[in-house]
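**Student:** According to mature numbering (1 follows the signal peptide of the UniProt record, and there is no 0), the stretch in the sequence shown is residues -30 to -1, 1 to 131, in order.
Shown below is the structure under consideration.
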Amino acid sequence: MIAARRRATLLAMVPAVVLALTLTSAPASAAVTSTDTLEVQLAKLTNATRAQHGCKPVRGDARLRKAARAHTADMIRKNFFSHRGSDGSRFTTRAKRAGYTPALSENIAWGYRSANEVFTALMKSPGHRRNILNCSAKAVGVGVGRKADGTLMWTQDFGRV
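Right under this line is the structure:
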């Protein structure tokens, strides 16, 4: 009788032990893609789509990337979302401050969790699509930042040279 109770107790514990092992061996969260990687991914998606529409690829430009990253950081730090900087600056002014002229256009977005998501949304917006498919664009800089709550903010700056 005692042996039967022990066996029943042990059998009852098996699911609990299996559950505990499963929970402790599971990763805490999904891997978070770095903002640098997201920037590269968005630029690649941009160039692939431009090629499909007969435009030459835009080359990455460090000055435009600096302007894009600075604008994204400004929006995160000051908690706003606008093409105007917190100091009232326009995209062209921010690009010039970063050493780039002539600036062409800017796309901004927030809340999208991947480069594919944000790119799909940008292409569904007539103005953003026009910026991406403007064949006179020769350069691009992308800035992605992550807010404290994990929300991503995106800036994509295009230039003429």
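All C-beta atoms in this analysis are idealised placements derived from N, C-alpha and C, irrespective of residue type, glycine included.
Give a yes or no on contact between the stretch 91 to 109 and the stretch 43 to 51, applying the rule of three or more CB pairs nearer than 8 Å.
**Tutor:** Counting Cβ pairs under 8 Å, fewer than three are found: no touch.
**Student:** For Val2, name the three-state secondary structure that DSSP assigns.
**Tutor:** Coil, per DSSP.
**Student:** Quick one: what does DSSP say Leu74 is sitting in, helix, strand or coil?
**Tutor:** Leu74: strand per DSSP, three-state reduction.
**Student:** Give me the residue from Ala79, Arg83 and Ala107 with the minimum Cα distance to Lys94.
**Tutor:** Lys94 has its Cα closest to that of Ala79, out of Ala79, Arg83 and Ala107.
**Student:** Quick one: grab the DSSP three-state call for Val107.
**Tutor:** With the sequence shown as reference, residue 107 is identified as Ala, and Val is not the correct amino acid for it. Three-state DSSP puts Ala107 in coil, outside helix and strand.
**Student:** Measure the C-alpha to C-alpha separation of Arg33 and Val110 and round it to an integer number of angstroms.
**Tutor:** Their Cα atoms are separated by approximately 9 Å.
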